[in-house]
Amino acid sequence: MAQNHLMASHCMTITLILMSTLVCQSKLLTDSLYHELLSLPIAGDLHIDPESISEASVDYGLIVREIPAAVLRPSYPKDIATLVAFAYNESAIPLTISARGCGHSVRGQAMAHDGVVVDMTSLGNKTTVSWSQSLGHYVDVGGQQLWIDVLEETLKHGVAPVSWTDYLYLTVGGTLSNAGISGETFRYGPQISNVYEMDVITGTGHFLTCSPHKNPKLFYSVLGGLGQFGIITRARIALAPASKRVKWVRMIYSDFSAFMMDQERLISRHEREQDESLDYVEGQLLMRRNSDSWISFFSLSDQPRLLSLVTEHELLYCIEVAKYYDERTQSTVDKDLEMILKDLSHVPEFMFEKDVGYVDFLNRVRAEELVLREQGLWNVPHPWLNLFVPKSRITDFNTGVFQNIVLRKNITTGPVLIYPMNNDKWDDRMSAVIPDEDVFYTVGFLHSSGFGDWQEFDLQNKEVLLFCKANGIKVKQYLPHYSTEREWMQHFGPKWRIFQENKSQFDPKILLSPGQNIFNHN
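Throughout the sequence shown, residue numbering follows mature numbering (1 follows the signal peptide of the UniProt record, and there is no 0), covering -26 to -1, 1 to 496 in sequence.
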């Protein structure tokens, strides 16, 4: 027994010595790297002060912490190109680079351990709305710009993008590196399907303009490419005439089959009747446990009977739809909406409608954010899990996950989104991956651990993924997080070989977006 204790103590001593050595080596490398960087013309834009380093070491998820060697706050895109070219051609020490917008990732995807984090927001705003015979209206915006700023600027010209995310305080480059999805996706496709052209700084330091006709391989690889092939510094986005107001409706369901069938019916209608189709379709899972995330939509007089209904059924499902309108369509919008929603199978007398401004609707999450900030519940861990689930297995997912795992664990807080999309609105040439079915569902567990331990939610996420694997439900993660190459290979499936080839061409030294942990996991 004493010998075992002595051996354990000896092993612990060796481990501590090794850890100390590694820390010292890491600091020496970081210091040497920083001295190398000081030789560059961008030295004045490099920051190593504690505040800058601390901010770049965490993200919205508050789960992962990775400390960079420095933060670059570029004044111009060429400053980023200078950094990348130096890392590719001259740096004696391996240097990784991560472009960071608002840091709204949840698993450290925008971080660069001992590397350089590029603070894209320092580039400022520059928005140009134009029109051409071939494209119609479009807007050129910096990859660092927030979608809320794009919205406000384009509205001055009576136009706006057609595809959004639920939250607008995200950067253009950030959402285009993933996909950019919301309730408009079923009709207009994800944001990556509404891009005409981009300027990109590749992992070799080259500054290239790309489009479907110019450098198309780079264009398609960057869209949904998780930052692996280049840093987006400009994007040309499709625009359409902007609406003025929105009819915003929520309908409550106690039966999942009826909920699913009605959602799929609503997203298929636009193909047949463009003028009478909806502009937005989403859905939510409603429980008493997460009522803080959905109850405020309803009037104070309606809230008690809703809470009574959800207590009775434990789980409810909500279809949320919107119809945009302006002066031209104001006289017909009510009739059009009535025609669209007739014969749906929601719980009788549980349909609720609001009439709100267009900007108020698109920016609806901002009001919730401000409330959470006041309560100290915004800057808390967010162990999110976002999945694309094939339509053919969504009923099994409901039974196994919602009605079993979620109810049994009873820890879910924050919104749980569930709504369908049309496969034909996505371009398979892009890097983003989705299930191979005509219709698939987005399921988003947007956990907030302000009232508990985030590891509990993480365990639930893992149980959900294990259930899907054990039952052959071929889900795809959106905003994916994996730790092994095999998992990434399975994620990309047939696209993996092309993804590897594109990486070898556009970032052969594996410099960009190390926080995604795709090629540098070893």
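Glycine residues also receive a C-beta, built at the ideal position from the N, C-alpha and C atoms.
Keep in mind it's a predicted model, so treat the numbers as computed, not measured.
Residue range of the beta strand (DSSP E) that includes residue i
i, result
"Tyr254", "Tyr254 to Leu260"
"Met325", "Met325 to Gly331"
"Glu158", "That residue, Glu158, is in no beta strand (DSSP E); it is neither H nor E in DSSP."
"Ile392", "Val390 to Asn396"
"Ala44", "Ala44 to Leu46"
"Lys399", "Here Lys399 belongs to no beta strand (DSSP E), and DSSP marks it neither H nor E."
"Gln451", "Lys450 to Tyr452"
Reduced DSSP category for residue i - H, G, I as helix; E, B as strand; rest coil
i, result
"Phe60", "helix"
"Ala216", "coil"
"Gly467", "helix"
"Asp114", "strand"
"Gly177", "coil"
"Met313", "helix"
"Glu301", "coil"
"Ile67", "coil"
"Pro322", "coil"
"Phe362", "strand"
"Trp105", "strand"
"His9", "helix"
"Lys52", "helix"
"Glu40", "coil"
"Phe371", "helix"
"Gly18", "helix"
"Ile122", "helix"
"Leu290", "strand"
"Leu2", "Summary for Leu2: the model assigns pLDDT 44, below 50, so the residue's position carries little reliability; its value from the coordinates is reported in the next sentence. Reduced to three states, the DSSP call for Leu2 is helix."
"Leu129", "helix"
"Lys477", "helix"
"Thr207", "strand"
"Val407", "coil"
"Ile226", "strand"
"Val295", "strand"
"Met85", "coil"
N- and C-terminal bounds of the alpha helix (DSSP H) containing residue i
i, result
"Ser72", "From DSSP, Ser72 is part of no alpha helix (DSSP H) but of the beta strand (DSSP E) over Ile71 to Arg74."
"Gln277", "Gln277 to His287"
"Asp93", "Per DSSP, Asp93 belongs to no alpha helix (DSSP H); it is in the beta strand (DSSP E), Val90 to Asp93."
"Phe431", "Trp428 to Ala444"
"Pro190", "Pro190 to Val196"
"Pro24", "Pro24 to Ala30"
"Thr145", "That residue, Thr145, is in no alpha helix (DSSP H); it is neither H nor E in DSSP."
"Val417", "Run containing Val417: none in the alpha helix (DSSP H); it sits in the beta strand (DSSP E), Val413 to Phe419."
"Arg340", "Arg338 to Glu348"
"Asp266", "Unbroken run through Asp266: none, as it is neither H nor E."
CB of residue i within 8 Å of CB of residue j, strictly
i, j, result
"Gly154", "His356", "no"
"Gly201", "Val174", "no"
"Pro48", "Val91", "no"
"Glu288", "Gly257", "no"
"Pro409", "Lys448", "yes"
"Phe441", "Ile379", "yes"
"Ser228", "Leu290", "yes"
"Tyr298", "Leu213", "no"
"Ser28", "Glu40", "no"
CB-CB length for residue i against residue j, believed under 8 Å
i, j, result
"Ser151", "Tyr332", "That pair is no contact at about 27 Å."
"Ile71", "Ala86", "6 Å"
"Lys413", "Glu238", "As written in the sequence, residue 413 is Val, which differs from the Lys given in the question. About 6 Å; that satisfies the 8 Å criterion."
"Leu144", "His78", "5 Å"
"Asn360", "Tyr452", "4 Å"
"Gly489", "Gln83", "5 Å"
"Gly75", "Gly148", "4 Å"
"Tyr162", "Ser185", "Not quite, the Cβ-Cβ distance comes to about 19 Å (not below 8 Å), so this is no contact."
"Lys191", "Asn397", "The pair is not a contact, with the Cβ atoms about 23 Å apart (cut-off 8 Å)."
Residues near residue i by beta carbon distance below 8 Å, same chain, minus five either side
i, result
"Met463", "Trp470"
Own chain residues within Cβ distance below 6 Å of residue i, not counting five before or after
i, result
"Met404", "Ile166, Tyr194, Leu197 and Gly198"
"Asp102", "What sits at residue 102 in the sequence shown is Thr, not Asp. Asp114, listed in sequence order."
"Met225", "Ile293, His320 and Met325"
"Val223", "Val295 and Glu327"
"Ser156", "Trp138, Thr139 and Asp140"
Cβ neighbours of residue i in the same chain (closer than 7 Å, five flanking residues each side left out)
i, result
"Gly388", "Asn264, Ser267, Leu420, His421 and Ser422"
"Glu343", "Trp352"
"Ile122", "Leu142, Tyr143 and Asn337"
"residue 497", "Beyond the ends of the chain as shown, which are -26 and 496, falls residue 497; an answer cannot be given."
"Gln(-2)", "Because Gln(-2) sits at a pLDDT of 41, beneath the cut-off of 50, its placement in the model cannot be relied upon, and the following sentence gives the value as read from the coordinates. Hits under 7 Å: none found."
"Ala73", "Val92, Met94, Gly147, Gly201 and Ile205"
"Ala43", "Thr4, Leu7, Tyr8, Asp88, Gly89 and Val90"
"Leu(-9)", "For Leu(-9), the predicted structure reports a pLDDT of 42, less than 50, and the residue's modelled location is therefore unreliable. A value from the coordinates is still provided. Here the set comprises nothing."
"Val(-4)", "Only weak support exists for where Val(-4) lies, its pLDDT of 41 falling under 50; the value from the coordinates is given anyway. Once the five neighbours on either side are set aside, Val(-4) has no close Cβ partner at all."
8 Å Cβ cutoff, residue i in contact with chain B
i, result
"Asp427", "The structure shown contains no chain B, having only a single protein chain."
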